[in-house]
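**Student:**
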Amino acid sequence: MKPTYLILGLALLFLLLISCQKTGSRTTPINYFEIDDQKHKIEKAAFVNLEDNPVLKDMKALLFISDGLSFDANSNRELKIRGKGKLMGFIIYSQNNEELENGDYFINLLPQFKEGDIALGFYHLDWYEKTGLILYEEGEGFSLLAGKATVVQKQDLADLKFNFTTEEWKILKGEYVGSLQKNLIKNNRINPILRGIKNGCKENG
Numbered sequence: 047m048k049p050t051y052l053i054l055g056l057a058l059l060f061l062l063l064i065s066c067q068k069t070g071s072r073t074t075p076i077n078y079f080e081i082d083d084q085k086h087k088i089e090k091a092a093f094v095n096l097e098d099n100p101v102l103k104d105m106k107a108l109l110f111i112s113d114g115l116s117f118d119a120n121s122n123r124e125l126k127i128r129g130k131g132k133l134m135g136f137i138i139y140s141q142n143n144e145e146l147e148n149g150d151y152f153i154n155l156l157p158q159f160k161e162g163d164i165a166l167g168f169y170h171l172d173w174y175e176k177t178g179l180i181l182y183e184e185g186e187g188f189s190l191l192a193g194k195a196t197v198v199q200k201q202d203l204a205d206l207k208f209n210f211t212t213e214e215w216k217i218l219k220g221e222y223v224g225s226l227q228k229n230l231i232k233n234n235r236i237n238p239i240l241r242g243i244k245n246g247c248k249e250n251g
């Protein structure tokens, strides 16, 4: 009988260890971006068309927000971000207005842009709606200089993994698996970096 009790005891211990591991894994957010060894949880993501602008008409913004921020829109579907928190995003050249194609997206800071190029990336760890701009502007936040994002669409879910080098020569990496809020537009601003894109297009045109 003793071997039977011993086996049952070991089995229960094994199940307990598995349960503890699963419980512990839940404390680490699946959706996050990490910089300076600090993980920041991503609560929501949005896929935004930058339309009604001849320079940005094929640009799409992919935005990620933390707890404390929320996506909102007026009657014209114009994107608003409310609250205070962490904001990260990148602007992709894509002629597909509905969704991202599966594959790798690399940062390319120089026009002319090809399908899937990331023309601009940025992050801000203390973004505030009363003072912040949704799209990166010089002097606010930090830009991403190199790296890539990998996209895999699974029905209504997007699986995104990214690894970038920032202008501070730090590594920013992360992952988001979930739905993307869509049917949003942003068209009322061209910031200095995007003006540079515009000028670059003219020079190369």
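Take any residue in the sequence shown, note its place counting from 1, add 46, and you have its number in the numbering used here. All residues carry an ideal CB built from backbone N, CA and C; glycine is no exception. These numbers come from a predicted model, not from an experiment.
1) Roughly how many angstroms lie between the CA atoms of L218 and N77, to the nearest whole one?
2) Per DSSP, which residues does N95 bridge with? Please list them.
3) Using CA coordinates, which residue listed in K103, E144, Y139 is at the minimum distance from L226?
4) Kindly indicate which residue of S112, D118, L190 has the alpha-carbon position closest to the one of D172.
5) Which one of K228, D163, A119, M105 has the shortest CA to CA distance from Y151?
6) Between which residues of its own chain and I231 is the CB-CB distance below 7 Å, once the five residues before and five after are set aside?
7) Between S116 and R128, which are expected to be in contact by the criterion C-beta below 8 Å, what is the C-beta distance as a whole number of angstroms?
8) Among G131, L133, K106, K207, whose alpha-carbon lies nearest the alpha-carbon of L146?
9) When we look at the beta-carbon of G149 and count the other beta-carbons within 10 Å, is it buried (16 or more) or exposed?
10) Given E213, which residues of its chain have a CB within under 6 Å of its CB, disregarding the five upstream and five downstream residues?
11) Taking the alpha-carbon positions, what's the G220 to N209 distance?
12) With a 10 Å radius around its C-beta and 16 neighbouring C-beta atoms as the bar for buried, classify V198 as buried or exposed.
13) Considering only DSSP beta bridges, list what A119 is partnered with.
14) State the beta-bridge partners of G167 as determined by DSSP.
15) Going straight from the alpha carbon of G89 to that of F136, what length do you get?
16) When we look at the beta-carbon of G114 and count the other beta-carbons within 10 Å, is it buried (16 or more) or exposed?
17) Taking the DSSP output, what are the residues bridged to I111?
18) Have a look at D83 and W215 and give me their C-alpha separation to the nearest angstrom.
19) Could you check the C-alpha separation between K130 and Q158 for me, to the nearest Å?
20) Out of G178, K194, T177, state which residue places its alpha-carbon closest to the alpha-carbon of I138.
**Tutor:** Reading it off the structure:
1) 14 Å
2) K106, I231
3) E144
4) S112
5) D163
6) V94, N95, E97, R123, E124, L125
7) 5 Å
8) K106
9) exposed
10) F188, S189, L191
11) 7 Å
12) exposed
13) L125
14) F136
15) It is Glu, not Gly, that sits at residue 89 in the sequence shown. Their backbone Cα atoms lie some 17 Å apart in a straight line.
16) exposed
17) K90, L133
18) 14 Å
19) 35 Å
20) K194
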